[in-house]
Amino acid sequence: MMRVAQWVSSGAGVVRCVAVFACAAFALSCSNSPYPDRDDDVKILYSVYGEAPKTLDPAVSYNVSSSRIISAICETLLEYHYLKRPYELIPGLAAAIPEPVERADGTVAYPFALREGAMYQDDPAFELGEVGRKTRPVVTADYLFALKRLADPAVNSPVAHIFSKIVGLHAFGERLVERRKEPSFAALPLHEQYEAVGPVEGLVAQGDYAFEVVIDAPYPQMLYWFAMPFTTAVPWEAIAYYDGNEGRPRFADHPVGAGPFRMTHYDKQFRIVLERNPNWYGAMYPEWKAPGAVYPAEGEPADLEKGITSDALAGRQLPFLDRVEFRREKESIPVFNKFLQGYYDKSGINKESFDKVMDGNQLSEDMAAMGIQLDRVVDLAIYYIAFNQADETLGAPAGERGKKLRQAMSLAIDAEEYIELFHNGRGIPAQSVLPPGLFGYDADYRNAYREPDLARARALLEEAGYPEGVDSETGSPLKLRFDTYATNSAQLIPIRYLVDSWRKLGLDVEVESTTYNKFQEKVFNKAHQIFQWGWVADYPDPENFLFLLSSGMAGPGGPNSSNYRNPEYDALFDAMKARPNDEVRAETIREMLSLLEEERVWIELLYRESFVLFHDWISHYKPPGFEFSTLKYQDIDAQARAEWRRENNKPVLWPAYVLLAISIAVIVPGIVTLIRERQ
Amino acid sequence: MEAWVISNIVTSLLLVSSVLVVLAVRRSRMWSEAMGSLWKRRPIAIGVVAFYLAIGILDSIYWVGGINAGEDVVSAHEAKSVIDRLFADSRERSYSAPLADVEFYGSAPLENPGWHLMGTDLIGRDVVYLAMKGVRVALLIGGLTSLIAIPLSLLFGISAGYFGGRVDDVVFFVMSTLASMPTLLLLIALIMAMGRSTVSICIALAVTSWVGFCRLVRGETLKLREQDYVQAARALGVSELQIILRHILPNLAHLVIITFVLTFSGLVLSEAVLAWLGVGVDGSWGQMIDQARSELSRDPVVWWNIAAAGLSLFGLLLAVNMVGDAIRDILDPRTLRESP
Amino acid sequence: MLAYVIRRLSYGGVVVLGVLFFLFVVFFWVATPDDIARRALGEKAPPEAIEQWKINHGYDRPLWPWQSLEDNMLFSHYESMLTFDFGRSDADDVPILEKIRTGAGPSLALTVPMFLLGLPLSVMLSLVVAVFRETYVDRMGVVLCVLGMSVSILLYIIGAQFLIAKLLRWFPISGFDPSPQVVMRFLSLPILVGIVSSIGSNVRFYRTVFLEEVHRDFVRTARAKGCGEARIMARHVLRNAMIPILTQVVIAIPFLFTGSLVLESFFGIPGLGALTVEAIQGNDFATLRTMVFVGALLFVVAQVLTDVSYSLADPRVRLE
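Residue numbers (the working numbering), protein chains in the order written: chain A, 22 to 700; chain B, 18 to 357; chain C, 38 to 357.
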């Protein structure tokens, strides 16, 4: 024991050695880089997703984070122009945008011609068709197969009702269910089942590279659905091979497509990797100069200034990136912090960081000095407060009285202040259902009930028979309810603000916050009263917003959750729906909006504006206002990023040494005394 | 009956019963001595706890009318507590720093310049007011929940440990079943069933939190059951109830106190996590902290909200812990024997 | 003893059956099959798709045996759990065993080091505090404990992410990657936060337990015999304080497996804690019931182990 004590007390040199060694080990292992691989000589874009994709099956997936990935893997027939606003369709795997042909029987045919020779990504599934085959061309049969899958109840596509417009497709699904009752039939592979059930009248193959889709009535918005992954080509081999058995993943976890990227790694809880697909038609046939395969020459005038369009870029072959790494991030603050460290290339601005990032309307000097750039885009979306029209007090049963009440409540909400308080001013006070960027949006339109005016609101309230919020008939104060499934304080505070605005009129609105399930149950039973909701566009057409208030969409589970039913509105809606974008359509939309202005089914709150930050090693990035894939157009300078990261991420180690020194100073004498004492 | 009437009745009942308790304590020599020495040891901590209790009581007495609420018309015919009345017309538009004259962002002048001791929050509510409103919630969450959970766990834990056999099996069954359920699911289910209010959240928290203490009590009782004096008492034919009341329960007293203190602070703290998960209580410090979570990453930083909530929470817990410690020292006969 | 263990385990079986029933009741009290379908399909799914989903996943059947004796969900719930046929997740149709397999690694990588480092540390610290009882070290210790306990874990996390990850840049702010060269980078910070945030209440608890023993007669006897303080602490106090410690420790073991919900969520670690929370919030009945079932099995075993370890640590406790 004595020897130990001597060694400890005399061995300061040894202690020092150990300490130095520990420090060195710590310094070496210490790094804030979240990535294991070198990435300074490959073009890797780092991006994030919040929710793990439930499915990557293009027929089923209907949410933002997964459709972003699918649309990079699966090439659609049509796609959106990267730069042009208002949004414009360009051909993807289709050789041209089809011209709809109206037939005498009222049906409409869409003739599609495919690009001959476009191939799928390499995949072992194709061995099923022919031994030793790694890929094969995309042909008509794949599209018909994919469209039939949409009607298959076993696939259960959420958009089956849209595609049941295709003549005979719904009946096909029913026949399929009928035949599947025989076990021998149900055991067949899917493509053989479809074959056996027989053809669909509305899907006409015209050789290997052309086909016609026939729908039962004019529906001009149909084309947009061909720009979504739902209608992408699906090879039957992939469905048959990726069945989840014998260690093979399911197709929903292993999509096979003909897009610019293919998925090489899928740990959906935390990491998804896409890599450049050498079989993509743009890479295999650069001589085609297909519109979806080269960088566009024209965009908006402002794009030229920002360097998003230039002569050098125009016509360059896509994609620029070698790899896209998606990492899962559930919270927004870490995303932003990692962005500031250079580990993510792009980021939104969370509310908290806004004042640091922005200086008035501009990027702050600090940010600009870091080489960070800002772009902003108004989302194709509307956020609103809605009244349940089936409600006794606020809705249609209350007649004129209810309408006046709604008008008064609308006048009490100051959208500008709301946006300033809760969105840092990122947004435009909404005047109507239609956000900017859509046909029918009028920047000069002013809604008579969307300018806060408490005096007028009080007068209307009195007319409605509720002076100061007290029912003049019964003499008891009016009690209203705001139904929400927001449960945490950050979400509840904006609602508190709205409720407090109504209190100024004397209206007592109680916030009832329940679980999401309970809320859905209330909506389903029409037992809700006032609620807040939003809608994000599927495609850039006013129909996709105005349909939210048509009676056809009302009823249990329908998107018209305010249960608004007005024959006048419905007639206008039907007229507007089938029209091309002309003056008549604009006039119809104006009529619809003025009807809604008076009715106050909704209190239109805001159109949100997204601010996107990106480092200057990203070039020619333009954020889209709704979800379509832009990955193939983006480019990065990996070298510049690597240098920037090295520069800005040196660990600050002195506190560790200080801590270590303190603990040695405290512990060593303690041990020494203890040992001495024991002697 | 309306909620505020019930609150008034319960508050007065509590006040009356605490007066009765004080009178009873004065009669018993042992207890009045114990309380006397507690007061001698921890005067400050007791004062702090009393201060919190006073705020909680002031915030539990409601009446209608006689209020100047500025723009807020509805308040005029709503029941408001004393605390509400003190801060009735203190609303601003948005953030302002402590004792500031202007808004934090944009420098617009305030309605009540220099009046907000701890500033105002995102929608302009006075932070001192919010922190004071949080006192009642915290006392309810910590106190009411413990008051439900501890007797439950004592009852089940002692009977399981002492009687063993079938009783133990049943308690073991109930305990294990509850403990195996994810707490969050249970909480959501219970809160949904009872409706979302402070009291129902307390009951839900009690149901999910009694198991841990029950297990401890059971283990300790298992040990005590084998002690000589218990065996002796049993041999002498003392009734089971007597043995439990005389020999088992007093030996668990220190555990009860410690657990009360730990669960009290634990519950108030876990409410913050619950607030983050969306099952929190309206107006709690947990909600303030959860909200301030994002305010801390604002730049320039908004610190007063979290400082107010954090300090209120810290003050209460520190005081409660101090008092709890002292009570433990006093009540535990073994420490009594040793202390000078 | 063996008879006792077998008896306890068979009671455990009853408990598991009870848990399964209770879970079924509670879940369908809070959610309906429609809610499960709506969460699986997403916000924009039309009612027809929801109906179809229920048919495809067997949720169109009646819940209770009294509605239909031969084909109801309660019976098939028991059947699939008791045959360990966990099936596929309701949210994304991934086999649940696969979910557990991928989630267990990150969870254990986080909780086991937290446990193995945190427990000895808090026992040691509380022994130190107990040795120096009634001195300024003890008082300081208690105050520090209370200080540590009065801070919400959310604040610890945000503080650590801000200070250590953002300002000092020692570790990434959050995220996960299982490759061995970087995995500790991601885990260091959550492990640190986990230990620091729980050390206050642990030290306090063990201190109470140790003080309890310190005042006992045999300790005084030992001291009178001239035993050193360290020896008294190790031999007499620590040994006799084993019951409360064991209760805490053994019961904690199943929860190592179920992971740490808050830490996993905030640090973006794809473990089983995060999986369970997601299953609750996303109405994923199939995943939730499996997690609860496995948790209950572990829990029952841990209970029996606690009792056995009681009798090993303290011969006065008889198991019969």
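Note that beta-carbon positions come from the ideal geometry of N, C-alpha and C, so glycine has one too.
In this text the structure is predicted, and so the values were computed from the model without any measurement.
Neighbourhood of residue i by C-beta, 8 Å cutoff - its chain only, sequence neighbours within 5 removed
i         : result
Thr97(A)  : Gly113, Leu114, Phe247, Ala248, Met249, Pro250, Thr252, Thr253
Asp264(A) : Arg271, Phe272
Leu406(B) : Absent from the structure is residue 406(B), since the part of chain B shown begins at 18 and ends at 357.
Glu484(A) : Lys425
Residue i at chain B interface by Cβ criterion, 9 Å
i         : result
Phe59(C)  : yes
Glu213(A) : no
Arg517(A) : yes
9 Å Cβ cutoff, residue i in contact with chain A
i         : result
Pro168(B) : no
Ile78(B)  : no
Ile205(B) : yes
Met209(B) : yes
Tyr146(B) : no
Trp21(B)  : no
Arg13(C)  : The structure shown does not extend to residue 13(C), since chain C is modelled only from 38 through 357, so no value can be given for it.
Pro199(B) : no
Neighbourhood of residue i by C-beta, 7 Å cutoff - its chain only, sequence neighbours within 5 removed
i         : result
Ile269(C) : Val256, Ala259, Arg260
Glu148(A) : Arg154
Leu569(A) : Trp556, Pro580, Asn581
Arg621(A) : Lys424, Arg427, Gln428, Ser431, Tyr470
Three-state class that DSSP yields for residue i in the structure shown
i         : result
Met135(B) : coil
Tyr243(C) : helix
Leu40(B)  : helix
Phe703(A) : Since the first residue of chain A shown is 22 and the last is 700, residue 703(A) is not available in this structure.
Ala682(A) : helix
Met140(A) : strand
Val216(B) : helix
Thr414(A) : coil
Pro157(C) : helix
Ala407(A) : strand
Ala115(A) : strand
Phe647(A) : coil
Arg76(C)  : helix
His264(B) : helix
Cutoff 6 Å; reference residue i; Cβ partners in own chain excluding five residues on either side
i         : result
Pro132(C) : Arg125
Ala86(C)  : Leu78
Val235(A) : Thr128, Ala130, Val188, Gly223
Arg59(B)  : Met339, Val340, Ala343
Ser650(A) : Ser92, Ala93
Ala316(C) : Thr324, Leu325
Heavy atom of the ligand NAD within 8 Å of residue i beta-carbon
i         : result
Thr252(A) : As presented, the structure is devoid of all ligands, the ligand NAD included, so that no description of it is given.
Any chain C beta carbon closer than 9 Å to residue i
i         : result
Ile252(A) : The displayed chain sequence assigns Thr, not Ile, to residue 252(A). For Thr252(A), the answer is no, since every Cβ of chain C falls outside 9 Å of its Cβ.
Asp559(A) : yes
(request) For the segment 190-269 of chain A, list the alpha helix (DSSP H) runs that are entirely contained and at least 4 residues long, ordered along the chain. (result) Correct list: 190-200, 204-207, 211-218, 243-246, 257-262.
(message) For a minimum of 4 consecutive residues, which ranges assigned as the alpha helix (DSSP H) are wholly contained in the segment 470-540 of chain A?
(response) Complete alpha helix (DSSP H) runs here, min 4: 475-484, 510-524.
(message) Can you confirm whether the segment 421-441 of chain A touches the segment 557-574 of chain A when touching is taken to mean that 3 or more C-beta pairs between the two stretches lie within less than 8 Å?
(response) No contact exists between the segment 557-574 of chain A and the segment 421-441 of chain A.
(message) For a minimum of 3 consecutive residues, which ranges assigned as the beta strand (DSSP E) are wholly contained in the segment 335-359 of chain A?
(response) Segments of the beta strand (DSSP E) lying fully in the segment 335-359 of chain A: 344-349.
(message) Extract the residue ranges of the beta strand (DSSP E) inside the segment 32-113 of chain B, only unbroken runs of 3 or more that lie entirely within it.
(response) Here the runs fully enclosed are 79-81, 96-98.
(request) Would you check if there are 3 or more beta carbon pairs closer than 8 Å linking the segment 542-560 of chain A to the segment 373-381 of chain A? (result) No, they do not touch.
(message) Contact between the segment 163-178 of chain C and the segment 333-343 of chain C is defined here as three or more beta-carbon pairs at a separation below 8 Å; is this criterion met?
(response) Segment contact: the segment 163-178 of chain C against the segment 333-343 of chain C, fewer than three CB-CB distances shorter than 8 Å; contact not assigned.
(message) Would the segment 286-303 of chain B count as touching the segment 501-514 of chain A if we require 3 or more Cβ pairs under 8 Å?
(response) Contact between the segment 286-303 of chain B and the segment 501-514 of chain A is present: three or more C-beta pairs spanning the two stretches fall below 8 Å.
(request) Identify every run of the beta strand (DSSP E) within the segment 290-322 of chain A, keeping only runs that are complete inside it and at least 3 residues long; order them along the chain. (result) If only uninterrupted beta strand (DSSP E) runs of at least 3 residues are considered, those enclosed by the segment 290-322 of chain A are 292-297.
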